[in-house]
RNA sequence: GCCGACGUAGCUCAAUGGCAGAGCAACGGUUUUGUAAACCGUAGGUUGCGAGUUCGACUCUCGCCGUCGGCUCCA
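Numbering (our numbering), first residue to last: 7 to 663.
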């Protein structure tokens, strides 16, 4: 007898030697049996048909889009269906690996002929046939010897490799195959599973794109074709997803940046180099002013350093050997007098320059902490395929600062920098964020410095995160070569995650540059460095802000904060006067004195995402008022222009969202 | 850097081997307007760049540049 415990604690008993989740579901109700697509058995996702041999806790997984297990089964199964369709169309293809991924799935295949977008309809048509046939996903297991023999015979090195890797993880693992239908009769694939009960449960699917991908993500390995797809239980869910994708596309900072005249990129200047246009310049200036205010509150000193530096600086810091390949080529020159050859680098980082400011004079413990801040522009030669609008560029400005402090001061300084990052996020409306504690990979030799110092630094970061109480996760191998760091990941309004600010703890560079301060004991000591950049890069941050706000920036950031719209030519003088009052109050205002009708002017202002539209005509002129309307389509009605001015200036001053 | 796609007026897009076009924007004129697009007209092009095939190339082929989707990378 088998006792099954359901999620609500209820127990059911079965007299049979084994029981399947489907039987359990049926015993609860026919509706549940119909909706069931899989099961959680003792915390593990299984097929609906997997026999349960002993007492177990079982939850039935039903076809709900919000259930990640259900969605996993759906996507994984659709990947199989797509693989079968591709094998029908391209019998010479070799399948490699086809997992579910966030909101879809892909399958990597080796195939000499490229699959192109125009081939997608054929693949989808084959898939539709397989789905219509509603064949059961049927699992069977072979002994290792049989399985390996079968795979060897099939002549697919990737599948052999997959099986070997599975065995390397668990030598006792049974090797499972899934037939889409009947084993021996229908198409089948080496697969760990689990799957939906049958192909008919796939409600809607779409082949979305194809791209190159390396086997095991290793650029020295065979390049495969990765075909991406999406799957949903119902067509309505698919449609909702497509609508959301379109919305996301409308927020694309490259598109909005162009429409709103924020920035441009010219091939004549070079790819990955951002040209900030006047309206983007306002955005950046506001962000920088905000940051300067924060810096002043926290005892930072502004410094300025040049855009290039002698290569020896970076050899000393250790950056050069690590990042040789991602730097612009060096500038070589001969000294006029000595004839010596010098080499300069466009600076890839600001820290070595700031370090020279620190070491330009003797430092006492009384001077510390020293906090040197600079909007420092750096250049990194990113691979051409990596460039993306403002978010991945070759020249960018960091809101950088380096803190030099005593070991005793480290924690307080870290706390203060983390708090500053939080202020930044809060001010800009990123309410959902978490912190990644990026640690070294003990197995790798790319990290510089004493392991004991690393342990200490990592422990300190963990402690700070715990104290501050930010949601966090640890990531081994994500540290910088000179120290562990906290990377801040924010979610924007449509749920996409971005990496923004960073706080890095560094015991290595002070060592390399032999930095010192004189302590209370009158002896030299080594300071500790903290690198931090709350925005990260002005370019990247601005790009993300554009998408976060979809161009509708809060008033304090908006390039144009208000526009006065005149009803007709007769009121242009009054409109001009109203605009002048706003300008005098420090508001960025424009005047639309054109001869279109008011509807057209409103439409245009809304399209330009201007926060406030001030309609002025005869009524307003008589009473010294403006009729206020917002881009959100709120009509605030007419008010004295002085009232509007105090209202908007307060909003700007408070940096209201 | 690698795989694939794309590149036509300022913007969005037509024209599939046979005279490069539309809408919006711009400019000129008419209109003087009350809350999401007034009307008429004008101008705008080395079809990314360069070669090749062809009687003829936006269209086919090759190279380069750039962009996009991925992969790899990311101090």
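Backbone N, C-alpha and C fix where the C-beta goes; we use that ideal spot for every residue, glycine too.
Check	Outcome
Buried or exposed (CB count within 10 angstroms, at least 16 for buried), residue 408	buried
Where residue 315 falls, given that 16 or more other Cβ within 10 Å makes a residue buried	buried
Residue 504: first and last residue of the uninterrupted beta strand (DSSP E) it sits in	503-512
Within the region 439-504, ranges of the beta strand (DSSP E) (whole runs, at least 3 residues)	439-445, 478-482, 491-497
Beta carbon of residue 259 nearer than 7 Å to that of residue 553	yes
Neighbourhood of residue 333 by C-beta, 6 Å cutoff - its chain only, sequence neighbours within 5 removed	354, 387
Through-space distance from residue 125 to residue 83, alpha-carbon basis	21 Å
When 311, 571, 650 are compared against residue 624, the one with the closest alpha-carbon	571
Which listed residue (198, 171, 191, 174) has its alpha carbon closest to that of residue 3	The structure shown has nothing for residue 3, since the chain only spans 7 to 663.
Sequence-distant residues of its chain with Cβ nearer than 6 Å to residue 594 (five each side left out)	566, 567
Exposure of residue 426, with buried meaning 16 or more beta-carbon neighbours within 10 Å	buried
Residue 114: first and last residue of the uninterrupted beta strand (DSSP E) it sits in	110-116
Proximity winner among 322, 312, 639, relative to residue 356 (alpha-carbon distances)	312
Candidates 469, 614, 120, 626, of which the one nearest residue 268 by Cα	614
Straight-line gap, residue 560 to residue 661 (C-alpha atoms, nearest Å)	8 Å
Delimiting residues of the alpha helix (DSSP H) encompassing residue 615	Neither: residue 615 is in no alpha helix (DSSP H) and is coded neither H nor E.
Contact check, residue 507 vs residue 540, beta carbons under 7 Å	yes
Segments of 3+ residues assigned as beta strand (DSSP E) that fall wholly inside the region 511-556	534-539
C-alpha distance - residue 380 paired with residue 478, whole-angstrom precision	28 Å
In chain order, each beta strand (DSSP E) run of at least 3 residues that lies wholly inside the region 16-82	17-20, 42-47, 50-52, 62-68
Nearest neighbour of residue 141, chosen from 209, 165, 205 [CA to CA]	205
Contact between the region 467-481 and the region 412-422 (3+ Cβ pairs under 8 Å)	yes
Distance CB(residue 364)-CB(residue 412) smaller than 7 Å	no
Cα-Cα separation, residue 628 to residue 620	15 Å
Short Cβ contact (7 Å threshold) for residue 569 with residue 598	yes
Residues bridged to residue 645 [DSSP beta-bridge criterion]	632
Bounding residues of the alpha helix (DSSP H) (the contiguous stretch that carries residue 363)	357-364
Helix, strand or coil at residue 567 according to DSSP, with G and I counted as helix	coil
Top-ranked residue by Cα proximity to residue 67, from 78, 23, 428, 158	78
Three-state secondary structure (DSSP) of residue 577	helix
Residue 396 vs residue 589 beta-carbon contact at 7 Å	no
Residue 327 in three-state terms, based on DSSP	helix
Contact check, residue 54 vs residue 28, beta carbons under 7 Å	yes
Straight-line gap, residue 59 to residue 492 (C-alpha atoms, nearest Å)	47 Å
Enclosing alpha helix (DSSP H) for residue 248 [first to last residue]	241-256
Inter-residue spacing [alpha-carbon to alpha-carbon] between residue 644 and residue 618	13 Å
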